[in-house]
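Oh and the sequence shown: position 721 is 724 in the numbering used here, straight run, nothing missing.
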Amino acid sequence: MKRNLFLILVLLVFLMACRDSTNQPTRETVDNATVAEIQTSALTAEEIITIQFAVNDVYINDYDDLIVAFEQEYPNIKIQVKSIEAITAGLEEAEPGETNRRIAQAADVFPGQYAFGPNWRQLTLDLTPFIAADANFNRDDFPSGLLQEGDGSIRVLPQSLNLVLLLYNKDLFDSAGLDYPQPGWTWEEFRAAASALTIRDGDEVAQWGLVHAFPGSLAFYASQLDSWLIEWSQEPPRPRFTDPDVVEAVRQHTDLYLVDQVGPDGRTMEAYNEVESLIAAGRAAMWPAFYDELDVYAVGEQNVGVVPFPGSNRINGQNTTMIYVDGFAISAGTAYPQVAWEWINFLSRQTPIVPGSIPVRTSTREATGFWQDVDPEVQQVVEDALTHSFKYYFSPATRLFGEALTAILTQEKSVTDALAEAQTAAAQALGALAGDAIAEPVIVTDEVETSAGTINITFLPHPLTDELEKYHRLANRFMEEYPDIIITVKRHNFDNFTMNVDEDGTPGDCFQWGLPDLYNPAERTSILSLDAFIETEPDFDLTDFYPALVEPFRYQGQLWALPAAATPVIIQYNKDVFDAAGVAYPQEGWTFADFLDIAVTLTQGEGETKQYGFVPEVIEASTANAMLSRFGVSLVDTSVDPPTAAFTDPVVVEAVRWYADLSRTYGVKPVMLIDYVTAATTNPGPYFDQRNRLVQEGLAGMWTLSSPTNYGLTTKLTQGLTNVGAAPLPLNPGAQSTSVTVTGYFISSDTPHRQACWQWITFLTTVDANPGMPARRTVAESDAYWQRVGAETAAANLGSINQTKRSNPDFYQIRWMGFGNFWLYVALAQIVEGGMTAEEALTIAQETFAAYRSCIIERDAFYDLNARNNCAQEVDPTIPGFMLGGGR
Numbered sequence: 004m005k006r007n008l009f010l011i012l013v014l015l016v017f018l019m020a021c022r023d024s025t026n027q028p029t030r031e032t033v034d035n036a037t038v039a040e041i042q043t044s045a046l047t048a049e050e051i052i053t054i055q056f057a058v059n060d061v062y063i064n065d066y067d068d069l070i071v072a073f074e075q076e077y078p079n080i081k082i083q084v085k086s087i088e089a090i091t092a093g094l095e096e097a098e099p100g101e102t103n104r105r106i107a108q109a110a111d112v113f114p115g116q117y118a119f120g121p122n123w124r125q126l127t128l129d130l131t132p133f134i135a136a137d138a139n140f141n142r143d144d145f146p147s148g149l150l151q152e153g154d155g156s157i158r159v160l161p162q163s164l165n166l167v168l169l170l171y172n173k174d175l176f177d178s179a180g181l182d183y184p185q186p187g188w189t190w191e192e193f194r195a196a197a198s199a200l201t202i203r204d205g206d207e208v209a210q211w212g213l214v215h216a217f218p219g220s221l222a223f224y225a226s227q228l229d230s231w232l233i234e235w236s237q238e239p240p241r242p243r244f245t246d247p248d249v250v251e252a253v254r255q256h257t258d259l260y261l262v263d264q265v266g267p268d269g270r271t272m273e274a275y276n277e278v279e280s281l282i283a284a285g286r287a288a289m290w291p292a293f294y295d296e297l298d299v300y301a302v303g304e305q306n307v308g309v310v311p312f313p314g315s316n317r318i319n320g321q322n323t324t325m326i327y328v329d330g331f332a333i334s335a336g337t338a339y340p341q342v343a344w345e346w347i348n349f350l351s352r353q354t355p356i357v358p359g360s361i362p363v364r365t366s367t368r369e370a371t372g373f374w375q376d377v378d379p380e381v382q383q384v385v386e387d388a389l390t391h392s393f394k395y396y397f398s399p400a401t402r403l404f405g406e407a408l409t410a411i412l413t414q415e416k417s418v419t420d421a422l423a424e425a426q427t428a429a430a431q432a433l434g435a436l437a438g439d440a441i442a443e444p445v446i447v448t449d450e451v452e453t454s455a456g457t458i459n460i461t462f463l464p465h466p467l468t469d470e471l472e473k474y475h476r477l478a479n480r481f482m483e484e485y486p487d488i489i490i491t492v493k494r495h496n497f498d499n500f501t502m503n504v505d506e507d508g509t510p511g512d513c514f515q516w517g518l519p520d521l522y523n524p525a526e527r528t529s530i531l532s533l534d535a536f537i538e539t540e541p542d543f544d545l546t547d548f549y550p551a552l553v554e555p556f557r558y559q560g561q562l563w564a565l566p567a568a569a570t571p572v573i574i575q576y577n578k579d580v581f582d583a584a585g586v587a588y589p590q591e592g593w594t595f596a597d598f599l600d601i602a603v604t605l606t607q608g609e610g611e612t613k614q615y616g617f618v619p620e621v622i623e624a625s626t627a628n629a630m631l632s633r634f635g636v637s638l639v640d641t642s643v644d645p646p647t648a649a650f651t652d653p654v655v656v657e658a659v660r661w662y663a664d665l666s667r668t669y670g671v672k673p674v675m676l677i678d679y680v681t682a683a684t685t686n687p688g689p690y691f692d693q694r695n696r697l698v699q700e701g702l703a704g705m706w707t708l709s710s711p712t713n714y715g716l717t718t719k720l721t722q723g724l725t726n727v728g729a730a731p732l733p734l735n736p737g738a739q740s741t742s743v744t745v746t747g748y749f750i751s752s753d754t755p756h757r758q759a760c761w762q763w764i765t766f767l768t769t770v771d772a773n774p775g776m777p778a779r780r781t782v783a784e785s786d787a788y789w790q791r792v793g794a795e796t797a798a799a800n801l802g803s804i805n806q807t808k809r810s811n812p813d814f815y816q817i818r819w820m821g822f823g824n825f826w827l828y829v830a831l832a833q834i835v836e837g838g839m840t841a842e843e844a845l846t847i848a849q850e851t852f853a854a855y856r857s858c859i860i861e862r863d864a865f866y867d868l869n870a871r872n873n874c875a876q877e878v879d880p881t882i883p884g885f886m887l888g889g890g891r
């Protein structure tokens with residue numbers, strides 16, 4: 004259920020080319036009939052053998068230690084890691100199965116999730132002969148039925164697994180006088196419990212028997228089946244969506260929501276937040292969760308129990324627990340099958356790479372003491388579930404089945420019609436490439452050997468970018484133009500405070516980052532000034548970049564980065580709400596007085612149906628900080644050395660008071676999460692629900708958009724709205740905005756490839772590579788960018804940047820001053836929610852910062868993180884632990 008809303012990915016690009024045909028392995032080389040004869044000849048050869056190992060970017064550095072250990076055991080074998088995202092770049096619209104084929108052609112070993120689809124038998128080797136030839140391999144070390152596929156072959160050697168279980172609130176079962184569910188319980192017992200535990204008070208539901216954010220997921224449905232949804236033993240594979248057992252399973256589970264109504268409608272991300280709130284409030288009796296999520300619900304610590312899914316025929320050995328298996332397959336095109344086998348066999352014995360997952364081998368669980376810190380009740384349930392489990396298979400048909408379930412739950416289609424349509428589509432998808440593999444055998448290709456003059460540089464994109472796939476394609480484009488420069492894209496080490504280090508601890512040659520602390524000599528010495536490159540390249544036009552985005556990267560007259568992209572905070576508004584009130588749309592150049600007049604006019608009603616003139620971000624600091632900057636305030640006073648906070652500056656006091664009055668005096672906006680402590684310790688789900696509801700139901704006249712992607716939630720926010728406008732934030736007369744969020748491209752000072760990095764980052768500035776607004780005029784004002792984000796949003800972004808002039812640094816740019824933001828928003832919360840005046844709260848904040856500054860000066864802690872943290876805690880013992888380091 005709970006998953007991160009965004010993943011921090013890494014990207015790795017390798018050049019591939021086919022070898023001379025005389026050196027290519029034939030189909031006989033990899034035929035299963037000859038595998039048993041290969042034995043260990045490859046392992047004892049004197050030559051160095053390299054096998055290609057494909058993994059997803061998110062785990063690409065996690066295998067480094069395992070590779071070192073394996074290569075020490077087998078000195079003549081080298082494992083070359085390849086990025087799956089790089090291999091499959093550009094295949095977003097490819098036919099079903101083409102992604103799997105491309106991976107099997109590029110790597111000797113790859114994750115098992117890519118092993119199944121059209122022509123699946125011709126992509127991978129059957130591992131049965133290897134297992135038969137390995138006297139030390141113990142099949143009983145694996146859960147029963149986990150190794151073999153439906154046709155009796157073994158295509159994936161598992162390393163770890165994650166299983167779906169059912170959690171329940173013991174207190175609610177006790178209150179209802181119900182026995183706790185036990186392994187082996189039936190569907191009838193489950194349904195009766197869910198009904199008994201659903202409590203209604205008129206039209207309101209006080210307690211739900213079952214909550215599930217995504218009732219279209221497969222765990223419940225598949226638990227009632229005779230076999231998996233797809234019959235892999237046939238060629239092409241046959242979907243079973245219209246088989247009687249599948250139809251019955253779908254009908255009985257969707258009836259829980261549509262007929263019995265034992266759970267809330269949970270088809271959307273908004274419902275996920277509601278589900279989490281219901282569980283936390285003790286209003287949910289049962290809910291499904293992955294094993295790696297049990298700690299989230301304090302299973303074994305609080306009064307929460309866990310049980311396998313119910314079955315309709317468990318006494319006859321029905322498997323009811325769905326498990327997600329992480330393991331590895333060997334490409335049918337490998338030239339080194341025995342070497343590949345030794346590698347995956349080695350991996351199967353190791354501690355899992357995937358956090359929170361369970362080692363698949365019993366021997367590994369025992370050797371690592373896996374159960375040592377696990378509650379005995381949980382261990383017993385998991386072990387029982389594993390003996391009655393079935394594998395989840397990744398395939399294009401799975402998505403189609405989920406779409407059919409959604410259509411049923413939304414009552415757009417009947418069970419029969421939805422499954423019949425999905426059956427037809429899945430059969431086409433699974434058979435779309437049938438026969439292709441026979442005509443074109445899978446053959447793993449070697450990497451291109453680079454010439455002596457080739458330059459290899461490593462680039463680290465911004466840690467929060469959610470469009471890393473784009474960098475793979477851009478690297479390929481760049482390398483076509485500059486064939487002597489190879490770009491390797493790697494993931495940033497987000498947990499490390501060093502801005503140019505990848506997850507492996509290795510510095511990148513060039514990288515993307517936010518604003519560095521250019522006041523810190525150590526940070527400046529880690530990057531190159533770019534002035535020398537600009538001076539020697541007459542065709543480079545720095546005036547093509549917006550000045551407001553260039554200036555933050557200047558220090559003492561030198562430029563330390565090329566601006567990449569900006570993410571200005573802008574206003575979105577519901578034109579229908581404006582039209583109904585007869586109010587003119589906001590335009591670039593409008594003032595805070597205009598904003599307040601409009602917000603007051605648009606605010607009407609009370610309670611749940613109240614229409615607000617303005618709705619801020621859930622984390623209000625994002626909105627308030629942007630508003631204050633548009634007031635023209637400078638929160639940092641540079642008139643003294645070292646600088647100090649300017650909280651008691653009359654302009655700052657006026658701006659903070661104005662923002663606080665939006666809620667406490669005028670009531671034109673709801674109060675969200677203001678200070679950082681509240682934001683970090685409060686479940687944000689209800690606040691996101693409230694914000695989404697207000698916007699989507701037409702109860703919000705205006706709201707802020709603080710990110711071009713908003714972690715994937717922007718589309719959700721305006722879902723159903725067809726008449727949305729955009730404008731820059733209001734601006735005080737005569738003022739210019741003093742802050743903008745911007746990232747830049749940097750060159751590491753210790754790279755031996757400075758010129759190559761300069762060529763690469765210059766190229767990046769000429770394309771629309773980031774989700775934000777491009778820093779170059781020629782890109783930001785291009786038709787392509789305006790079409791991507793929409794004309795009104797593009798114009799609002801452009802207007803915001805043109806109204807910005809960065810006169811002073813902010814707290815984020817001078818790292819030791821970073822705690823100032825914390826105290827500022829404590830003050831704002833005290834004004835809005837604590838009844839203080841603006842003068843009182845900001846005076847306290849100023850005095851706290853002054854004491855902190857004195858400590859910093861006394862201990863010379865400007866660039867000492869631990870000393871800074873100590874100073875902050877001494878002057879304010881309430882500062883939370885998660886803020887320590889936040890000043891970086």
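Here a beta-carbon is modelled for each residue, glycine too, at the ideal position from N, C-alpha and C.
Bear in mind the structure is a predicted one, so any value in this text is a computation, not a measurement.
What do you reckon, are the CB atoms on S529 and S751 nearer than 8 Å?
-> Contact: yes.
Whole-angstrom Cβ separation of M675 and G616, contact assumed at under 8 Å?
-> Not quite, the Cβ-Cβ distance comes to about 15 Å (not below 8 Å), so this is no contact.
With DSSP as the reference, please indicate the residues paired to F462 in a beta bridge.
-> V492, C513
Would the segment 65–83 and the segment 336–355 be scored as touching if the rule is three or more Cβ pairs under 8 Å?
-> Contact between the segment 65–83 and the segment 336–355 is established, with three or more Cβ pairs separated by less than 8 Å.
Less than 8 Å separating the beta-carbons of V618 and K578?
-> It is not a contact, given that the beta carbons lie outside the stated cut-off.
Tell me which same chain residues have a C-beta within less than 7 Å of the C-beta of P242, skipping the five on either side of it?
-> Answer for P242: L232, I233, A400, Q426, A429, A430, L433, listed in chain order.
Among K394, P358, D263, nearest to P146 - alpha-carbon criterion = K394
Is N479 helix, strand or coil when you go by DSSP?
-> helix
Coil, strand or helix - L887 by DSSP = coil
Should L160 and L130 be called a contact, given that it needs their Cβ atoms to be closer than 8 Å?
-> yes
Do you know offhand how far G359's Cα is from Q607's?
-> If I take the Cα positions, the gap works out to 49 Å.
Do L297 and V309 have their CB atoms nearer than 8 Å?
-> yes
By how many angstroms is the C-alpha of A118 removed from the C-alpha of R364?
-> Their Cα atoms are separated by approximately 21 Å.
Nonlocal neighbours in the same chain, by C-beta distance under 7 Å from V878, ignoring five residues either side = Correct list, in chain order: T851, A854, Y855, C858.
Could you give the DSSP three-state label for Y576: helix, strand or coil?
-> strand
Which of the three DSSP states, helix, strand or coil, is assigned to P653?
-> helix
Count the other CB atoms, across all protein chains shown, that sit within 10 Å of the CB of T685; report buried if there are 16 or more and exposed otherwise.
-> exposed
What residues in its chain sit with their C-beta under 7 Å from that of D547, if we drop five residues either side in the sequence?
-> The residues are R779, R780, T781.
Measuring CA to CA, which of G266, D678, V603, D644 is closest to A627?
-> The residue with the shortest Cα to Cα distance from A627 is D678.
Ordered along the chain, which non-local residues of its own chain (more than five positions away) have a Cβ less than 7 Å from that of V835?
-> A663, S666, R667, V674, I677
Span of the beta strand (DSSP E) holding K173?
-> First-last for K173: 173–178, but that is the alpha helix (DSSP H), not the beta strand (DSSP E).
Which class does Y669 belong to by DSSP, given the choice of helix, strand or coil?
-> coil
Where E40 sits in the DSSP three-state scheme | Note on E40: pLDDT 44, under 50, position unreliable in the model; the coordinate value appears next. Correct three-state label for E40: helix.
May I ask which residues mark the beginning and end of the alpha helix (DSSP H) holding Y396?
-> No alpha helix (DSSP H) holds Y396; DSSP gives it neither H nor E.
Excluding the five sequence neighbours on either side, which residues of its own chain have a C-beta within less than 7 Å of the C-beta of Q722, listed in chain order?
-> Closer than 7 Å at Cβ, skipping near neighbours: Q699.
What do you get for N322, buried or exposed, if any count of 16 or more other CB atoms within 10 angstroms of its CB means buried?
-> buried
Just to confirm, are I90 and R104 a CB contact at a threshold of 8 Å?
-> no
With which residues is E850 paired in a DSSP beta bridge?
-> Per DSSP, none; premise fails for E850.
Comparing alpha-carbon positions, which option in H475, P132, N869, Q614 lies nearest V580?
-> Q614
Provide the residue span of the alpha helix (DSSP H) that contains L248, from first to last.
-> The residue you asked about is not Leu; residue 248 is Asp in the sequence shown. 247–261 is the extent of the alpha helix (DSSP H) around D248.
Residues near T53 in its chain [Cβ-Cβ closer than 7 Å; skip 5 each side] = K81, Q83
Per DSSP, cross-strand counterpart(s) of M705 | Y576, F617
First through last residue of the alpha helix (DSSP H) which encompasses G434 = 418–434
Can you name the residues that DSSP bridges to E207?
-> E207 is bridged to D204.
Can you tell me where the beta strand (DSSP E) with D329 in it begins and where it stops?
-> 324–333
Between the C-alpha atoms of E861 and R871, what's the straight-line distance to the nearest angstrom?
-> 11 Å
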